[in-house]
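This report refers to the structure that appears directly beneath it.
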Amino acid sequence: MSLIVKVGKAGKKVVKRFLPEEKHHVSYTRRIEQVKTSQRLVAMTFDDGPMDLPASPDKFGGRSLTDLLLDVLKVYDAKGTFDVVGDTGENYPDAAGRTGQADWGGVKYDHYPDINQDERGGAAHNQRLMKRILDEGHQVTNHGYRHVLFGKKPFVYGKREHFTSLEQVVEDLKRLHTLLRETYGYEMTMARPPHYVDKIAGGFTSYDAYDQMGYLYLAAAFDGAGWLPIRHGTAQESLKAEVDAMVAPLKKTLAENPDALAGQIIFQKDGYNMDRRTPVAFGLKEQLSVLREYGYRVVTVRELMKESPFADVGRDDPAFEKLVQLQKKRAIVFSDNRLRLDAPMTWGELAMLLAPRQQAIGRRLARIQGTGSPQHANWGAMDWCAEQGILKYAMDPDGPVSALPREFFGPVKNYTRRQVYEAYLG
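The sequence shown: position 33 = 36 (my numbering), numbered continuously.
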């Protein structure tokens, strides 16, 4: 694997250990990595396709990689979630990076499936593959029309061009969304940022972009490793090592705890790795065989979320059905997809429960654009509630609620989120 990526992954782990724990806020956009369920259900995502080039090495008679993946999924009665791009053909002038490095497919931009072969990848060029994906019951999500970074990622992609405003990011997302809707009659509901880069110039993040699109943030809890290049002797030996890296951790995890992957999302790639090989073409069937052995059903992320839309509350909770209905209309879930029902509610969370979605999102974005500085995730909702006379401007959005407006809740003995939501629901 590229030394830069190796060092970057290791460094990220070290830095994370010394940084304060990431703070999450109630949000309309939630990062979906896994859901709470006792059922052996799992989802698998495939980034960067569709790809109309053969596997590498090609041992399948020239059949396209995306077709191969769909063939294997069909044999195992599995449904995938394909996080597709639109077209990277506009990402020129550019040059290829070095094979084995993070910029292998382009120095200034990404090119899928590879530089100077952009017309063989992406939804704009591969209607047959897109139609097959949809006809066979798989899910499609938004990975950006041009697969351009939302913002800077200097350590790994120091020479990479990126979007410079929230408007550019949203325009790119809308372009792919419109393509899917107008060409296939398909409405996407989830998205994943290219290379998981969240920060956007101007104090915004991918969450702000997805708020405008009405998307959930598609993440993953388990790395299927099909994207990771490993150099180990000959090309054939390297491929074997890459396939082993896909299968061995899966076997080990389930041998230690057969329920370990219940409700999780597994990450894969529908394309070349940095050494221009496709271990996923060889290792996917082995992964699916292991999952079947342990009684898992592989479903779309959409189906997985029908089991539970939350990471910490499942069907065994007495308030589950009411909370499922409430979250469709109001922001009650944290950005990491947890409800944290038994913790005290804050003023900001109360405001998100009461404020209309358009006001909560629109006022915050306007505030950031007006001041040029980041704002609390719940600022827009707080501002609307204060203007309505429900709350006061002086209230700390992170401060615990000490009293509730009786016209909304009546008498409430405690102020945990569970009790406030139950009172709100009547």
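Every residue gets a Cβ at the ideal spot worked out from N, C-alpha and C, and that includes glycine.
Where residue i falls, given that 16 or more other Cβ within 10 Å makes a residue buried
{"i": "residue 51", "result": "buried"}
{"i": "residue 312", "result": "buried"}
{"i": "residue 318", "result": "exposed"}
{"i": "residue 69", "result": "buried"}
{"i": "residue 158", "result": "exposed"}
{"i": "residue 37", "result": "buried"}
{"i": "residue 138", "result": "exposed"}
{"i": "residue 286", "result": "buried"}
{"i": "residue 240", "result": "exposed"}
{"i": "residue 361", "result": "exposed"}
{"i": "residue 321", "result": "exposed"}
{"i": "residue 245", "result": "buried"}
{"i": "residue 210", "result": "buried"}
{"i": "residue 219", "result": "buried"}
{"i": "residue 331", "result": "exposed"}
{"i": "residue 391", "result": "exposed"}
{"i": "residue 275", "result": "buried"}
Close-in-space but distant-in-sequence residues of the same chain around residue i (CB under 6 Å, 5 per side omitted)
{"i": "residue 344", "result": "420, 421"}
{"i": "residue 400", "result": "350, 351, 379, 381, 385"}
{"i": "residue 121", "result": "91, 92, 114"}
{"i": "residue 265", "result": "40, 43"}
Interface flag, residue i vs chain B, CB-CB below 9 Å
{"i": "residue 213", "result": "Absent from the structure: chain B. Only one protein chain is present."}
Contact check, residue i vs residue j, beta carbons under 9 Å
{"i": "residue 169", "j": "residue 147", "result": "no"}
{"i": "residue 228", "j": "residue 176", "result": "no"}
{"i": "residue 124", "j": "residue 231", "result": "no"}
{"i": "residue 150", "j": "residue 197", "result": "yes"}
{"i": "residue 393", "j": "residue 357", "result": "yes"}
{"i": "residue 73", "j": "residue 135", "result": "yes"}
{"i": "residue 284", "j": "residue 49", "result": "no"}
{"i": "residue 423", "j": "residue 348", "result": "yes"}
{"i": "residue 75", "j": "residue 288", "result": "yes"}
{"i": "residue 117", "j": "residue 99", "result": "yes"}
{"i": "residue 340", "j": "residue 43", "result": "no"}
{"i": "residue 280", "j": "residue 242", "result": "yes"}
{"i": "residue 66", "j": "residue 112", "result": "no"}
Cβ distance (whole Å) where residue i is taken to contact residue j below 8 Å
{"i": "residue 109", "j": "residue 129", "result": "That pair is no contact at about 19 Å."}
{"i": "residue 152", "j": "residue 193", "result": "Actually they do not touch by this definition, with Cβ atoms about 19 Å apart."}
{"i": "residue 195", "j": "residue 144", "result": "6 Å"}
{"i": "residue 203", "j": "residue 46", "result": "Between residue 46 and residue 203 the Cβ distance is about 27 Å, and since that is not below 8 Å, they are no contact."}
7 Å Cβ shell around residue i - same chain, five flanking residues per side excluded
{"i": "residue 290", "result": "227, 249, 250, 253"}
{"i": "residue 140", "result": "82"}
{"i": "residue 273", "result": "49, 50, 51, 52, 53, 54, 68, 69, 72, 85"}
Cross-strand partners of residue i (DSSP beta bridge)
{"i": "residue 152", "result": "165"}
{"i": "residue 124", "result": "54"}
{"i": "residue 145", "result": "87, 194"}
{"i": "residue 47", "result": "269"}
{"i": "residue 279", "result": "Paired residue(s): none; residue 279 is not in a bridge."}
{"i": "residue 302", "result": "46"}
Own chain partners of residue i with C-beta closer than 8 Å, once the 5 adjacent residues on each side are dropped
{"i": "residue 182", "result": "89, 126, 127, 148"}
{"i": "residue 9", "result": "In this predicted model, residue 9 has a pLDDT of only 48, less than 50, meaning its place in the structure is not dependable; the value taken from the coordinates is given anyway. No residues qualify anywhere along the chain."}
{"i": "residue 363", "result": "31, 334, 354, 355, 381, 383, 384, 387"}
{"i": "residue 418", "result": "347, 348, 403, 404, 405, 407"}
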